[in-house]
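I have placed the structure first, in the form of structure tokens, so that the comments after it can refer back to it.
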Amino acid sequence: MDRKRVAVLTEAGNGLGKAMANLLLHQNYKVIIAAGEESYNKLSQEGNSVRDFDLILVDFTSEHSLLHLRDKIKKEYGQLDLLINNAETVNGFGHKIDQLDISEVKYLFEINFFSILRIIQLMKPLLEKSEAPKIINVTSALGDLSKMNDETFCYSNYDLTGYSCAKAALNMYTHLQCKEFKPDKINIYSFDPVALKNCTYNSVIICDEVKDRFISLVQ
């Protein structure tokens, strides 16, 4: 029997992670959900409904915690085939410059951007042991300058300064990482779970277009 591919999915409570985890199970992955405290508590309370996942509590602001995650995967699985960076947080909706709490913006960048840099650095050696390793960075059109300048885009008037700027940074990082990994065997992708035609929210209910795109990336 072929070895199950190993996937790490980060989740900080945005509701999308469990839907993606279930899709991964149907694609014959062994799924490790690295969950922030809020998400970990919610998933733990669901009991048997998450029995097929390996659920690990992670503090995304702590390098020590991420090292523990890396070491656990290395010890129990030896390699990593897929890393999905889905953990994120949102705050500051509608805040103008005089209303911004810089400490909140810094925390948002810590989760939505810097933690992704850390986890890719730590997981890269394990990914390189896979025959066809992949990284998927879950992004948002709210961090896409061209889409936010398009008045027909349903969220173009949203004012989420910290969140949008962090996602814009993630989009640029993913673009640059594609160039760095091009000679290597690691493929890195940006995945936006919002279908622009109908503006599907990041929720446990994702439309077929989004589902098909996700499956095409992880197959």
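Start counting the sequence shown at 1; every next residue gets the next number (full-length UniProt numbering).
Glycine included, C-beta positions come from ideal geometry on N, C-alpha and C.
On a predicted model such as this, the values are computed, not experimentally measured, just so you know.
The beta carbons of residue 91 and residue 162 sit about 7 Å from each other, so the pair counts as a contact at 8 Å. Straight-line spacing of the CA atoms in residue 215 and residue 33 works out to 18 Å. Residue 3 counts as exposed, since fewer than 16 other beta carbons sit within 10 angstroms of its beta carbon. The way I'd put it, the region 145-165 doesn't touch the region 115-122; fewer than three beta-carbon pairs between them come closer than 8 Å.
Residue nearest to residue 54 within the set 7, 207, 208, 193 is 7 (criterion: CA-CA distance).
Collapsing the DSSP output to three states places residue 42 in a helix. Take residue 29, set aside five residues on each side of it, and the residues of its chain with a beta-carbon closer than 6 Å to its own are 5, 7, in chain order. If you draw a straight line from the Cα of residue 56 to the Cα of residue 23, it is about 19 Å long. Closest by C-alpha distance to residue 176, out of 189, 62, 164, is 189.
The beta-bridge partner set that DSSP reports for residue 213 is empty. By the beta-carbon neighbour count (other beta carbons within 10 angstroms, threshold 16), residue 88 is buried. CA-to-CA, the gap between residue 64 and residue 142 works out to about 31 Å. With distances taken between CA atoms, residue 101 lies nearest to 160 out of 160, 192, 61, 210. For the 9 Å CB-CB criterion, residue 168 and residue 144 form a contact. In the structure shown, residue 70 adopts helical secondary structure according to DSSP, grouped into three states. One alpha carbon belongs to residue 11, the other to residue 98, and they sit about 31 Å apart. Taking a C-beta distance under 9 Å as the contact criterion, residue 149 and residue 170 do not qualify as a contact pair. For the pair residue 109 and residue 166, the Cα-to-Cα distance works out to about 6 Å. When DSSP states are grouped into helix, strand and coil, residue 105 belongs to the helix group.
Between residue 130 and residue 80, the CB-CB gap stays under 9 Å. Straight-line measurement puts the Cα of residue 66 at about 21 Å from the Cα of residue 16.
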